[in-house]
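Colleague:
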């Protein structure tokens, strides 16, 4: 397995760990603010990532 494949796997898992962390914080706080912030950041990252050249 190459380093780039390992890196890709780690980035994907970190992305989902951030999602689960936002859900955990929302449950602890009792409101949906962390989840909404996470969703907006993911959308913003997706949009800006599309504009960057490969």
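Residue numbers (my numbering): 20 to 73.
Positions of the beta carbon are idealized from the N, C-alpha and C atoms, including for glycine.
Could you tell me the alpha carbon to alpha carbon distance between residue 33 and residue 49, rounded to whole angstroms?
Modeller: So the two alpha carbons sit approximately 24 Å from each other.
Colleague: How long is the line joining the alpha carbons of residue 52 and residue 45, rounded to whole angstroms?
Modeller: Spanning the two alpha carbons is a distance of roughly 7 Å.
Colleague: Under DSSP, the alpha helix (DSSP H) around residue 53 begins and ends at which residues?
Modeller: Where residue 53 is concerned, the enclosing alpha helix (DSSP H) stretches over 52-70.
Colleague: By how many angstroms is the C-alpha of residue 29 removed from the C-alpha of residue 42?
Modeller: Approximately 20 Å between the Cα atoms of the pair.
Colleague: If you compare alpha carbons, which of 70, 72, 55, 22 is closest to residue 39?
Modeller: Among 70, 72, 55, 22, the Cα nearest to that of residue 39 is on 55.
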